[in-house]
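Here the protein sequences line up with chains Y and A, keeping their order. According to our numbering, the first sequence is numbered sequentially starting from 17. According to our numbering, the second sequence is numbered sequentially starting from 17.
There are 2 protein chains.
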Amino acid sequence: MATMTSAVRRPRGEYRKSQARRKEIVEAAVEVFATVGYNKGSLREIADRVGLTQAGLLHHFSNKELLAQAVLTWRDEDALALLGVPLPTGADLLRRLVDLAAYNERNPALMELHVVLSGEAASVEHPLHGYLVNRYAQVFGLVRAAFEQADRRGELRAGVDVDSAARTVISLMDGLQLQWLLNRGGVDMALDVARYLQSLLAVPL
Amino acid sequence: MATMTSAVRRPRGEYRKSQARRKEIVEAAVEVFATVGYNKGSLREIADRVGLTQAGLLHHFSNKELLAQAVLTWRDEDALALLGVPLPTGADLLRRLVDLAAYNERNPALMELHVVLSGEAASVEHPLHGYLVNRYAQVFGLVRAAFEQADRRGELRAGVDVDSAARTVISLMDGLQLQWLLNRGGVDMALDVARYLQSLLAVPL
DNA sequence: GTCTATATACTGATAGAC
DNA sequence: GTCTATCAGTATATAGAC
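Right under this line is the structure:
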């Protein structure tokens, strides 16, 4: 979201066309990286899916890492938009996490993308490691703030450690996605997340 | 553990030597796969670390997938041994999960191996996918059984869903390892696992 | 903006000598 | 058991024509 359309004036419709191309490429890259990961996902395969040669693709994203970063920011913006605009606070945001889990469950390709890339990039040497470190710090900040607001509003049970709660609910959402992928249909992610959150909240979810 | 020494009689010490070689190779493979994953981890790199050529390595493990499976079973046996022999039951086993989390935290390389390979192999097309599916089914069975035993012994709070609890604690342990790798030292895994388990138990941890 | 052609590098696996 | 040599495949990235 929040595209920065025409920050620079361009002749004719070329820019718009190029933008559309980039979007096509990112969508194809999502599929490929989700299926085989970053390391094994090839630019040729992605280029094929949008009817380009590999060299043609590199005109739009000058190297593989830049393309992968575009994929990750696209996915992050998608998830963030799902949490609601403007972003809810306190227990309201925590409730949205349940919706997000349900949304993920309806989009296995997105889960696969998330799980596969997060796993690969957990290694310090991975090209996307830095991006992921940053991303998790932001996610943690967001969830922790929600618990803190909930606490101040009396929506939280007594004795809940907000740091631990934030880490736990994030771990839960990540780990459930892995288990879902290994046991499709055998896991109800939204239900498990809701159950855990309810165990911390003093108000109904 | 539980080596099957001399199920077949062999001439001289060749078998023993070969066994030692295999162990060296697996140890080197743990490092390499942990650092860059299965897809990017190369047999040449592993061979170099034990002073072999790539062809020499393939004498001991006839292809890459077999070597990776040896790595995974080695790691699983290690973790299982840490839970205790014979395997505890009920709340006792759940307590051991906290020890396992603490053990993992002292061995980042093992965490990296687990997180990176699990992520990669979440994809259906990955050579290790089948192994991982099987492994998670076993782990789930083990933890679920522990909750069920705890329930029968009155060690569990009322209203705890054993399936959901098993999925949740497994997700928690997996997700915390990812967060630990992205924020080294900023996560106390054993504490968070203990906190969650205590919230389900009617007895002290 | 897209192409062909190419440089350069690395991969897993096999054949066969020692 | 380990080696050398080699094959066939794949990869990213660049140069330059159109």
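Every residue, glycine too, gets a C-beta built ideally from N, C-alpha and C. Predicted, not measured: the structure shown is a model, and the values here were computed from it.
R169 (chain Y) is classed as exposed because its beta carbon has fewer than 16 other beta carbons within 10 Å across all chains shown. When C-beta atoms of the region 30–38 of chain Y are compared with those of the region 121–131 of chain A, fewer than three pairs fall below 8 angstroms, so the two segments do not count as touching. Partner residues in the beta bridge of L217 (chain Y), as assigned by DSSP, are Y:L172.
Here the region 177–185 of chain Y lies against the region 158–168 of chain Y, with 3 or more beta-carbon pairs under 8 angstroms apart.
Under a criterion of Cβ atoms nearer than 8 angstroms, the residues of chain Y adjacent to E141 (chain A) are, in order, T51 and V52.
The beta carbon of L109 (chain A) is closer than 6 angstroms to those of A162 in its chain, skipping five residues each way along the sequence. Restricting attention to Y:L133, Y:E141, Y:P102 and Y:R91, the CA atom closest to the CA of Y119 (chain Y) is found in Y:R91. One alpha carbon belongs to G191 (chain A), the other to R200 (chain A), and they sit about 14 angstroms apart. Secondary structure at S78 (chain A): coil, using DSSP grouped into helix, strand and coil. Distance from the CA atom of L221 (chain A) to the CA atom of L207 (chain A), rounded to whole angstroms, is 11 angstroms. Boundaries of the alpha helix (DSSP H) harbouring H130 (chain Y): P124 to E136, taken from the DSSP string.
Listed in chain order, the non-local C-beta contacts of P104 (chain A) below 7 angstroms within the same chain comprise R112, local neighbours out to five positions each way being set aside. For V178 (chain A), the enclosing alpha helix (DSSP H) covers residues V178 to L198. In this structure L82 (chain Y) is exposed. Its beta-carbon is surrounded by fewer than 16 other beta-carbon atoms within 10 angstroms. Counting only the Cα atoms, V101 (chain Y) lies some 33 angstroms from S78 (chain Y). If you compare the alpha carbons of A:V48, A:A63, A:E128 and A:L68 with that of Q193 (chain A), the shortest gap goes to A:E128. By the neighbour-count criterion, in which a residue is buried when 16 or more other Cβ atoms sit within 10 angstroms of its Cβ, A174 (chain Y) is exposed.
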